[in-house]
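Mapping of the sequence shown onto my numbering: residues 67 to 537, in sequence order.
Quick reminder that beta carbons are idealized off the backbone N, C-alpha and C, glycines included.
One structure is given here, and the rest of the page talks about it.
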Amino acid sequence: MSKERIVIIGAGPTGLGAAWRFEELGYTNWKLIEQCDAAGGLAASVVDEKGFTWDLGGHVQFSHYEYFDKLMDELLGPEGWLYHERESWVWIRKRFVPYPFQMNIRRLPREELKECLCGLVKLYRAQDTRKPRNFGEWIDASFGEGIARIFMRPYNFKVWAYPPEIMSYSWIGERVAVVDLERILCNLIDEKDDISWGPNNTFRFPKFGGTGAVWRACAERLPADKQRYGARVVRIDRNRRLVELEDGTAEPYDVLLSTMPLPILTRIAGLTELHESAQKLLYSSTHIFGIGLHGTPPEKLRTKCWMYFPEEDNPFYRVTVFSNYSPNNVPDISRFWSLMAEVSESPYKAVPANPRDCIEQVIEGLLATELIESRDQIADIWYRRLEHGYPTPSLERDSVLHEVLPALEEHDIYSRGRFGAWRYEVSNQDHSLMQGVEWVDRILKGEEELTLWHPEIVNRTHRPAVKTSDR
């Protein structure tokens, strides 16, 4: 490739990953544009007025890539990380059940345990070989009527904010533990909790500054004169090869990498037919509530990482004990602790328009689920709404992506990242960074973009979060 001018839109993990790889390979003719004042994108962090640190959602860092691990080690150094064993739970029927729920149904009340077991036995007897047509049918065919009714269907609607019947299940892979009846029965007989499943059963977290500390460190190591912040893209002139900005200036490009949401990209690029297709993509918004609390966590929360909430006596789908990730997430760990709650929103799942009403619902939910005892504990409330929270794996998603992404490339425009490529199954921090890295390797060296086009391959490998000296 000759020294063509590359413009990168977005300083989240994908954009920063691309910029880092360009520098690593000695390619210098690039420019990064970011609408926010700092790097990080959806992986940024915020320190509020009272000194509490918050992430933009429940992020933990685990990896499928050696490249990613080495970069993380380099950016924060061996002393910049804290390492955790995952301890995640489901709050249901006024009790905590270890995650994955389906492996630990022995903790349920007797009648519901019986319902779940009967559903599983019926499932195994039926031996139904019909292929599910959607995520809802996949849930029923994989877990049986009991687990589906009690947990899987209500929880998945809460997190996705869409009926499972309009979602595909091609994204699942490592995301959901499938049922092993023999293992469940052994757990029941042995009275044993089964908690080791999953790619994130160990994870690490920055000691200081939240998740965003990683991406700020990455940006700081890149040439400052090649990064432009507070610059919002309003139009892409494909004929003149210009990225036009809100302040009236423009950046010329030969090749463009965009990490903005795909429907926005097709609209501002004036690609009417592609935009009509891209608008079929579904997404949910996320409301994030940071609750700073006086005192120290109660014994039942002292070692927990996060909890899932399928029931309707609260609005959130997940609550993280955020001060357990790092003591530096609160102003003084001897005097404060913190919870972070997440609530989803979509055309199928409304949320009060007034943030005060949302906050009140969350506080009521924290009381109802016994995470806090009194409003008097609350020392701080922080709130943020993310318009684009989750890229929904809808039934039409893959056909839209296979039409739109290659068509954009005919204009030397490439769309990657969590909402640029719209693939939830490869949208964690490691996946997102590697989408940027692999795109550069394709552009400069002609290599395949494995993460984007073959999630089932990259997600087979789980790398445990261990200290650098232990690797």
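Simplified DSSP assignment, three categories, for residue i
i: arginine 294; result: strand
i: tyrosine 490; result: helix
i: leucine 331; result: helix
i: glutamine 443; result: helix
i: valine 300; result: strand
i: aspartate 121; result: strand
i: arginine 537; result: Summary for arginine 537: the model assigns pLDDT 43, below 50, so the residue's position carries little reliability; its value from the coordinates is reported in the next sentence. If DSSP states are grouped into helix, strand and coil, arginine 537 belongs with coil.
i: arginine 484; result: coil
i: leucine 86; result: As written in the sequence, residue 86 is tryptophan, which differs from the leucine given in the question. The answer is helix: DSSP assigns tryptophan 86 an H, G or I state.
i: phenylalanine 375; result: coil
i: phenylalanine 223; result: helix
i: serine 236; result: coil
i: glycine 92; result: coil
i: histidine 341; result: helix
i: glycine 78; result: coil
i: aspartate 260; result: coil
i: glutamate 312; result: coil
i: isoleucine 399; result: coil
i: proline 230; result: helix
i: isoleucine 216; result: helix
i: glutamate 453; result: strand
i: valine 112; result: strand
For residue i, the first and last residue of its enclosing alpha helix (DSSP H)
i: glutamate 567; result: As shown, the chain starts at 67 and ends at 537. That puts residue 567 outside it, with no answer to give.
i: phenylalanine 274; result: No alpha helix (DSSP H) holds phenylalanine 274; DSSP gives it neither H nor E.
i: tryptophan 403; result: Taken as a continuous stretch (DSSP letters only), tryptophan 403 belongs to no alpha helix (DSSP H), being part of the beta strand (DSSP E) at 402-411.
i: methionine 138; result: 132-142
i: phenylalanine 167; result: Where phenylalanine 167 is concerned, there is no enclosing alpha helix (DSSP H), given that its DSSP letter is neither H nor E.
i: alanine 434; result: 421-434
i: isoleucine 205; result: 201-213
i: leucine 518; result: 516-519
i: tyrosine 391; result: 388-391
i: alanine 29; result: Lying before the first or after the last residue shown, residue 29 is absent from the chain, which here runs from 67 to 537.
i: glutamate 247; result: Residue identity differs from the one stated: residue 247 is leucine in this sequence, not glutamate. First-last of the alpha helix (DSSP H) with leucine 247: 247-256.
i: leucine 186; result: 176-192
Residue i CB to nearest heavy atom of the ligand ADP below 6 angstroms
i: arginine 294; result: Of ligands this structure carries none, so the ligand ADP is not represented either.
C-beta atoms of residue i and residue j nearer than 7 angstroms
i: glutamate 448; j: aspartate 114; result: The sequence given here places tryptophan at residue 448; glutamate does not occur at that position. Cβ distance < 7 angstroms, so tryptophan 448 and aspartate 114 count as in contact.
i: phenylalanine 217; j: glutamine 127; result: no
i: serine 324; j: glycine 486; result: yes
i: glycine 106; j: glycine 278; result: yes
i: threonine 352; j: glycine 455; result: yes
i: valine 506; j: alanine 84; result: yes
i: valine 73; j: leucine 328; result: no
i: asparagine 267; j: arginine 172; result: no
i: proline 79; j: serine 350; result: no
i: glycine 296; j: serine 111; result: no
i: glutamate 408; j: arginine 384; result: yes
i: isoleucine 75; j: proline 164; result: no
i: alanine 290; j: leucine 141; result: no
i: alanine 473; j: leucine 340; result: yes
i: serine 493; j: arginine 484; result: yes
CB-CB length for residue i against residue j, believed under 8 angstroms
i: alanine 335; j: arginine 306; result: About 12 angstroms separates the two Cβ atoms, so there is no contact after all.
i: tryptophan 120; j: glutamate 491; result: Actually they are not in contact, since the Cβ atoms of tryptophan 120 and glutamate 491 sit about 26 angstroms apart, beyond 8 angstroms.
i: threonine 435; j: tryptophan 157; result: 5 angstroms
i: lysine 415; j: arginine 294; result: Not a contact, Cβ separation roughly 37 angstroms.
i: glutamate 312; j: valine 300; result: 5 angstroms
i: proline 198; j: serine 392; result: Rounded, the Cβ-Cβ distance is 41 angstroms, inconsistent with contact.
i: leucine 186; j: glycine 210; result: 5 angstroms
i: isoleucine 509; j: leucine 516; result: Not confirmed; about 15 angstroms, so no contact.
i: phenylalanine 274; j: asparagine 394; result: 5 angstroms
i: valine 245; j: glutamine 193; result: The Cβ separation is near 14 angstroms, so there is no contact.
i: glutamate 231; j: glycine 202; result: 4 angstroms
i: phenylalanine 382; j: phenylalanine 375; result: 6 angstroms
i: arginine 552; j: aspartate 135; result: With the chain covering 67 to 537 only, the question about residue 552 has no answer from this structure.
i: lysine 346; j: glutamate 475; result: Their Cβ separation, rounded to whole angstroms, is 19 angstroms, which puts lysine 346 and glutamate 475 out of contact at 8 angstroms.
Candidates the options: closest to residue i by CA position
i: proline 459; options: Leu516, Asn222, Pro397 and Ser400; result: Asn222
i: glycine 358; options: Met169, Met406 and Leu137; result: Met406
i: leucine 432; options: Ile444, Pro421 and Gly512; result: Ile444
i: cysteine 102; options: Arg463, Ser412, Ala285 and Arg298; result: Arg298
i: isoleucine 302; options: Phe382, Trp226, Ile99 and Ser350; result: Ile99
i: lysine 292; options: Phe88, Asn394, Glu411 and Asn380; result: Phe88
i: leucine 122; options: Phe134, Leu108, Ser410 and Tyr131; result: Leu108
i: alanine 344; options: Pro457, Val470 and Pro220; result: Val470
i: arginine 215; options: Leu183, Arg450, Leu348 and Lys346; result: Leu183
Beta strand (DSSP E) segment containing residue i, residue limits
i: glycine 502; result: No beta strand (DSSP E) contains glycine 502, which is instead part of the alpha helix (DSSP H) from 495-511.
i: histidine 468; result: No beta strand (DSSP E) contains histidine 468, which is instead part of the alpha helix (DSSP H) from 463-475.
i: leucine 288; result: That residue, leucine 288, is in no beta strand (DSSP E); it is neither H nor E in DSSP.
i: glycine 358; result: 349-360
i: alanine 416; result: It is not in any beta strand (DSSP E) - alanine 416 carries neither H nor E in the DSSP assignment.
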